[in-house]
Amino acid sequence: MLSCHQPFVRVLVVDDHELTRFSLSLALQSQSNIELVGLASNGKEAIEMVERYHPDVIILDLQMPVLDGLSASIQIKSIYPNTKIIAYSSVEDPQSEVMAQMARIDVFCKKDTATPELIALVKELGQRAASA
Numbered sequence: 057m058l059s060c061h062q063p064f065v066r067v068l069v070v071d072d073h074e075l076t077r078f079s080l081s082l083a084l085q086s087q088s089n090i091e092l093v094g095l096a097s098n099g100k101e102a103i104e105m106v107e108r109y110h111p112d113v114i115i116l117d118l119q120m121p122v123l124d125g126l127s128a129s130i131q132i133k134s135i136y137p138n139t140k141i142i143a144y145s146s147v148e149d150p151q152s153e154v155m156a157q158m159a160r161i162d163v164f165c166k167k168d169t170a171t172p173e174l175i176a177l178v179k180e181l182g183q184r185a186a187s188a
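Residue numbering for the sequence shown is 57 to 188, as defined by the working numbering.
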């Protein structure tokens, strides 16, 4: 008997705040069709984990030490252009749209977005990544 199930969406969470990483990991791991492949605390770690784990979707904080999210997104997309990146930020900056266009961000998402909305966005982008 064949079963119809959605493929796993491989997700990497990148944020310099431990509580944010932990909270997102709990929310994502409770989903049956999401596989959390890693947690990174800065853009440099994110690039290393992308090369190792090839995530479909990255939830990427924009402001981090060592290497910020915008710079990391440019490097990640140059290596893996089909990886979908959610810029995840608490900063409401009028230039964020311009920065996101210069960087390689697929979607901008405020940190106060409800968890079910963020998970739905991850799944939607995961489906786009799979069909790319």
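The C-beta atom is built at its ideal place from N, Cα and C for all residues, glycine as well.
Remember, predicted model here, so these are calculated numbers, not experimental data.
Residues that residue i bridges to, as DSSP identifies them
i    : result
D117 : Y144
A96  : V70
I90  : V65
F164 : A143
Rounded distance between the beta-carbons of residue j and residue i, thought under 8 Å
i    : j    : result
L116 : A143 : 6 Å
M105 : L68  : 6 Å
Spatial distance of residue i from residue j (CA atoms)
i    : j    : result
D112 : I141 : 9 Å
H73  : A128 : 17 Å
A102 : A170 : 24 Å
I135 : R160 : 12 Å
F164 : I114 : 12 Å
R108 : Q87  : 23 Å
A185 : A176 : 14 Å
A188 : G182 : 10 Å
S146 : Q119 : 9 Å
N138 : S97  : 22 Å
P121 : V93  : 22 Å
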